[in-house]
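Written out below as structure tokens is the structure these notes cover.
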Amino acid sequence: MLSGPVPNLSSCPSLIWLSLKDNMFSGSLTESIGYLSQVEVIDLSLNRLEGLFSEAHLFNLSKLRFLDLSSNSNLTVRIKPSWNPPSQLEILRLGSCKLGPYFPKWLQKQKQLNVLHVSNAKISDRVPDWFWDNMHKCTQLEMQNNQMYGVVPDLSPILALYSINLSSNMFNGSLPLLPPSETEVNFSRNKFLGTVSNFCSLRNLLFLDLSDNLFSFHIPQSCFINLMSLGYLNLANNNFSGEIPNLDELECRVYSLHLRNNSFTGEIYKSLKNCSNLAILDLGENNFTGMIPDWLGESMPELGILSLKSNNLHGNLPLSLCHLQELQVLDISLNNISGTIPECLSNFTMFRSEIDPNSMDYRFFLKAPEELYDSAYIMWKGKEAEYAKILRWLTIIDLSNNNLIGEIPREVTSLIGLIALNLSGNKLVGSIPRDIDQLENLNFLDLSKNNLSGGIPSTLAQLSHLGVLDLSFNNFSGKIPWIAHLQTFNASMYMGNPGLCGPPLVLKPCPGDKTLVGNVDETHNQEHDNIFNSKGFYVSMALGFIVSFWGVSGTLFLNK
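Okay, so the sequence shown: first residue is 637 according to our numbering, each after it adds one.
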């Protein structure tokens, strides 16, 4: 890997291809690059260049077709709008450079662009109409992670366009018409609204992300059927409604399906059984009803993330869930699930071993070469957040806020790779398994608001990675094992258990224990109270007063 400033290149006038990508070159870019009159390709991406890049660097590059300065976050690109370019670029990549805050007007004179990447370029401006007209030859357009705004016009005349990413901006209005050649569309995190019917007929579409917009649209069955033939479908965090098609012969190619936080209804129909390639299935925070189907654990061998949280599902947990050997995140919280926790949880292969941080799980890759990861919303440590790159390392079971009964199966302690276990808000009974210390990677444990009883096992103190613990509002009894790692948790973790005693419950000492009240030893206070209440104390105080008084007054009297 090379470092230091980019060398003077004026002595290489016949150079045709210049690639210094993925090094550690730093400092300002020398204007000598403008003397490379024969150069067709310049790739300086993934370095540490800084300073200003202007038309002076391009003044004699009449044959330049490819320019990539991307991923130089301290490099500012400032080119005058009046500049007449000596060449017409076909590929221009300026992502993660400083182009903003205004939209670069000098692009108006680049009319032959096939590929344009200006993502994460600090542009906070309206996209002018002329820009869309200039894109008539464009095949790839990436403008994500800026603050661009405006209405996107009809793009169907751009017949070669197959990939467009406008995510994380402030575009508004209805979705634009797209050419039939389109395969990848990412319009997430904008302010789009209205219908999505135009997208239902795009036969070549493989990737569609419309999440985090303002859609409030009932998706008809015919449209849903077409959308299920995509590879990636993300409609999360809108107000879409409708039902998943109930067709046995539905053609389903989806490997990642995100429908969370909408208003979808109906049951989890058998048509999803045909989605055998699913790695992520997120149906959480909707209005789905019925039971968790038995076939769910039998037809999706690659499923890694399953979220059915916050719906109206009822019935028992099907034993077939234990067939999901590749499962890493299981979230069925906030439903009306009843029955017991299946003992076969020990079949979860991914939970039974530690995940190698250096391993590559390609189920969650969207584009492996660019290290673009799929993401999912996960509840962890009491907060819901979107995880992407570390998603493949998360191992979580959340069955909280249901109507589960029975005991915590001992088989749970065989899941040594588990980092979070939430069983709170159920009707579980029995005790905490004694060999809980086998869950050595556990970081989050919430057993609160159940009917658990017995003592708190001292083995719990061996969980050195435990950062969040909640045993409150149960029927635990006996002395809290105030040792080792358990000393890091405060009294609120144990509240609502009348039978518990000892530190950190300072007002509830165990029999024979000393207790701390306001950080003062109560036994010591008691001894003082006994002294103050004795007759000898007051006799001693009176004699001391008399001696002191006459010792001073008598001396004054004799002196006088």
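Here a beta-carbon is modelled for each residue, glycine too, at the ideal position from N, C-alpha and C.
(request) Under 8 Å by Cβ, that's how I've got S1094 and S1067 pegged, so tell me the actual separation to the nearest angstrom. (result) For this step, residue 1094 is matched to residue 458 along the sequence shown. For this step, residue 1067 is matched to residue 431 along the sequence shown. The C-beta distance from S1094 to S1067 rounds to 13 Å, too long to meet the 8 Å contact threshold.
(message) Rounding to the nearest angstrom, what Cα-Cα distance links G867 and A915 in this structure?
(response) Residue 867 sits at position 231 when you count from the first residue of the sequence shown. Residue 915 sits at position 279 when you count from the first residue of the sequence shown. Straight through space, the alpha carbons of A915 and G867 are spaced by roughly 11 Å.
(message) Contact between the stretch 845-852 and the stretch 866-883 is defined here as three or more beta-carbon pairs at a separation below 8 Å; is this criterion met?
(response) Contact holds: three or more Cβ-Cβ distances are below 8 Å.
(message) Between which residues of its own chain and C836 is the CB-CB distance below 6 Å, once the five residues before and five after are set aside?
(response) The residue you call residue 836 lines up with position 200 of the sequence shown. Same-chain partners within the cutoff: C859 and N862.
(request) Note down, one range per segment and in chain order, each beta strand (DSSP E) of at least 3 residues found wholly within the stretch 813-870. (result) Considered as a whole, the stretch 813-870 harbours 820-822, 843-845 and 868-870 as its complete beta strand (DSSP E) runs of no fewer than 3 residues, in chain order.
(message) Please classify G920 as buried or exposed, where buried requires at least 16 other C-beta atoms within 10 Å of its C-beta.
(response) Reading the sequence shown from its first residue, position 284 is the one you call residue 920. Here G920 is buried, its C-beta having at least 16 other C-beta atoms within 10 Å.
(request) Give me whichever residues DSSP pairs with F689 in a beta bridge. (result) Here residue 689 refers to the residue found at position 53 when the sequence shown is read from its first residue. By DSSP's assignment, F689 forms a beta bridge with V713.
(message) Please state whether the Cβ-Cβ distance between N779 and D761 is less than 8 Å.
(response) As a working note, residue 779 is residue 143 in the sequence shown. As a working note, residue 761 is residue 125 in the sequence shown. Residue identity differs from the one stated: residue 779 is Met in this sequence, not Asn. In this structure, M779 sits away from D761, with a CB-CB distance that is not shorter than 8 Å.
(message) If I measure Cβ to Cβ from S707 and keep anything under 6 Å in the same chain, skipping five residues before and after, which residues do I get?
(response) As a working mapping, residue 707 is identified with position 71 in the sequence shown. Residues of the same chain with a CB within less than 6 Å of the CB of S707, apart from the 5 flanking positions on each side, are S681, L682 and S732 in chain order.
(message) By the three-class DSSP mapping on this structure, what secondary structure does N696 have?
(response) In the sequence shown, counting from the first residue as 1, residue 696 sits at position 60. Collapsing the DSSP output to three states places N696 in coil.
(request) Compare the beta carbon distance of I1033 and L1002 with 8 Å and say whether it is the shorter of the two. (result) For the purposes of this step, residue 1033 is identified with residue 397 of the sequence shown, where counting begins at 1. For the purposes of this step, residue 1002 is identified with residue 366 of the sequence shown, where counting begins at 1. Cβ distance not < 8 Å, so I1033 and L1002 don't count as in contact.
(message) I'd like the list of long-range same chain contacts for D1071, defined as Cβ closer than 8 Å, with 5 residues on each side in sequence excluded.
(response) The count along the sequence shown starts at 1 and reaches residue 1071 at position 435. Within the same chain, D1071 has close Cβ partners R1046, T1049 and T1095.
(message) Which same chain residues end up closer than 6 Å to K734 when comparing Cβ atoms and leaving out the 5 residues on each side of it in sequence?
(response) Translated into positions along the sequence shown, residue 734 becomes position 98. Taken in chain order, the residues that qualify are T712 and K758.
(request) Use the C-beta contact count for S655: other C-beta atoms within 10 angstroms, 16 or more gives buried, fewer gives exposed. (result) Within the sequence shown, residue 655 is the residue found at index 19, counting from 1. S655 is exposed by the Cβ-count criterion.
(message) Between which two residues does the beta strand (DSSP E) holding D1071 run?
(response) The residue you call residue 1071 lines up with position 435 of the sequence shown. First-last for D1071: undefined, no H or E at that position.
(message) Quick check on the DSSP output: the alpha helix (DSSP H) that includes D765 runs from which residue to which?
(response) Locating residue 765 in the sequence shown gives position 129, where the first residue counts as 1. Counted as a single uninterrupted DSSP element, the alpha helix (DSSP H) harbouring D765 occupies residues D765 to N770.
(request) Using the Cα positions of G1141 and A1127, report the straight-line distance between them to the nearest angstrom. (result) As a first step, residue 1141 is located in the sequence shown; it is residue number 505 there, counting from the start. As a first step, residue 1127 is located in the sequence shown; it is residue number 491 there, counting from the start. The question names Gly, but residue 1141 in the sequence shown is Leu. Roughly 6 Å separates the two Cα atoms.
(request) Please confirm whether S799 and R825 have their CB atoms less than 8 Å apart. (result) Numbered from 1 along the sequence shown, position 163 holds the residue referred to as residue 799. Numbered from 1 along the sequence shown, position 189 holds the residue referred to as residue 825. Contact: no.
(request) Would you give the residue range spanned by the beta strand (DSSP E) that Y1023 belongs to? (result) What you label residue 1023 is simply residue 387 of the sequence shown in a count that begins at 1. Looking at the DSSP string, the run of the beta strand (DSSP E) that includes Y1023 is K1019 to Y1023.
(message) Assuming L1040 and L1064 are in contact, meaning their beta carbons sit under 8 Å apart, how far apart are those beta carbons, in whole angstroms?
(response) The sequence position of residue 1040 within the sequence shown is 404, counting from 1. The sequence position of residue 1064 within the sequence shown is 428, counting from 1. At roughly 6 Å, the Cβ-Cβ gap stays under 8 Å, so L1040 and L1064 are in contact.
(message) Within a Cβ cutoff of 8 Å, which residues of the same chain sit near Q1074, ignoring the five residues on either side of it in sequence?
(response) Within the sequence shown, numbered from 1, the residue matching residue 1074 stands at position 438. If we look at Q1074 and ignore the five residues flanking it on each side, its Cβ neighbours are T1049, S1050 and I1052.
(message) If contacts are defined as beta-carbon pairs under 8 Å, then P929 and K945 qualify, I think. What distance do you get, rounded to the angstrom?
(response) Position 293 of the sequence shown holds residue 929. Position 309 of the sequence shown holds residue 945. About 17 Å; that fails the 8 Å criterion.
(message) I need the boundaries of the beta strand (DSSP E) containing D967, first residue and last residue.
(response) Position 331 of the sequence shown, counted from the start, is the residue given in the question as residue 967. Run containing D967: V965 to D967, per the beta strand (DSSP E) assignment.
(message) For Q776, report the span of its beta strand (DSSP E) as first-last.
(response) For the purposes of this step, residue 776 is taken as the residue at position 140 of the sequence shown. Run containing Q776: Q776 to E778, per the beta strand (DSSP E) assignment.
(request) Would you identify the three-state DSSP class for I669, choosing helix, strand or coil? (result) Walking along the sequence shown from the start, residue 669 turns up at place 33. Helix.
(request) Quickly, what does DSSP pair H894 with across the bridge? List them, please. (result) Locating residue 894 in the sequence shown gives position 258, counting from the first residue. Beta-bridge partners assigned by DSSP to H894: N870 and D918.
(message) Restricting to Cα atoms, I'd like to know which of V751, G1148 and P641 is closest to S668.
(response) Here residue 668 refers to the residue found at position 32 when the sequence shown is read from its first residue. When each option's Cα is compared against that of S668, the closest is P641.
(message) Measuring straight from C-alpha to C-alpha, what distance separates S899 and D918?
(response) Walking along the sequence shown from the start, residue 899 turns up at place 263. Walking along the sequence shown from the start, residue 918 turns up at place 282. Between S899 and D918, the alpha-carbon positions lie close to 13 Å from each other.
(message) Using C-beta distances below 8 Å, list every residue in its chain close to S774, excluding the 5 sequence neighbours before and after it, in chain order.
(response) As a position in the sequence shown, residue 774 is number 138, starting the count at 1. Here the sequence assigns Cys to residue 774, which means Ser is not the residue at that position. So the qualifying residues of the chain are L749, N750, V751, L752, I794, A796 and L797.
(request) Report the rounded CA-to-CA distance for F1109 versus C980, giving the unit in angstroms. (result) As a working mapping, residue 1109 is identified with position 473 in the sequence shown. As a working mapping, residue 980 is identified with position 344 in the sequence shown. Our two residues, F1109 and C980, have alpha carbons roughly 28 Å apart in a direct line.
(message) Let's test the definition: count the other Cβ atoms within 10 Å of the Cβ of Q964 and tell me whether it reaches 16, buried, or not, exposed.
(response) Here residue 964 refers to the residue found at position 328 of the sequence shown. Buried is the call here.
(message) Between the alpha carbons of N952 and M927, how many angstroms are there, rounded?
(response) Locating residue 952 in the sequence shown gives position 316, where the first residue counts as 1. Locating residue 927 in the sequence shown gives position 291, where the first residue counts as 1. Answer to the nearest angstrom: the Cα atoms are 8 Å apart.
(message) Only counting the same chain, and skipping five residues up and downstream in sequence, which positions put a Cβ closer than 6 Å to that of S639?
(response) For this step, residue 639 is matched to residue 3 along the sequence shown. Excluding sequence neighbours, S639 sits near M660.
(request) Take the Cβ of N644 as the centre, count every other Cβ of all protein chains shown within 10 Å, and call the residue buried at 16 or more, exposed below. (result) One-based indexing of the sequence shown puts residue 644 at position 8. N644 is classed as exposed because its beta carbon has fewer than 16 other beta carbons within 10 Å across all chains shown.
(message) Here's a check: name, in chain order, each residue in its chain whose Cβ is nearer than 7 Å to the Cβ of P812, leaving out the five neighbours to either side.
(response) Residue numbering aside, residue 812 sits at position 176 when the sequence shown is read from its first letter. V788, P789, D790 and L791, listed in sequence order.
(message) Taking the beta strand (DSSP E) that N781 belongs to, which residues open and close that run?
(response) Position 145 of the sequence shown, counted from the first residue, corresponds to residue 781. That residue, N781, is in no beta strand (DSSP E); it is neither H nor E in DSSP.
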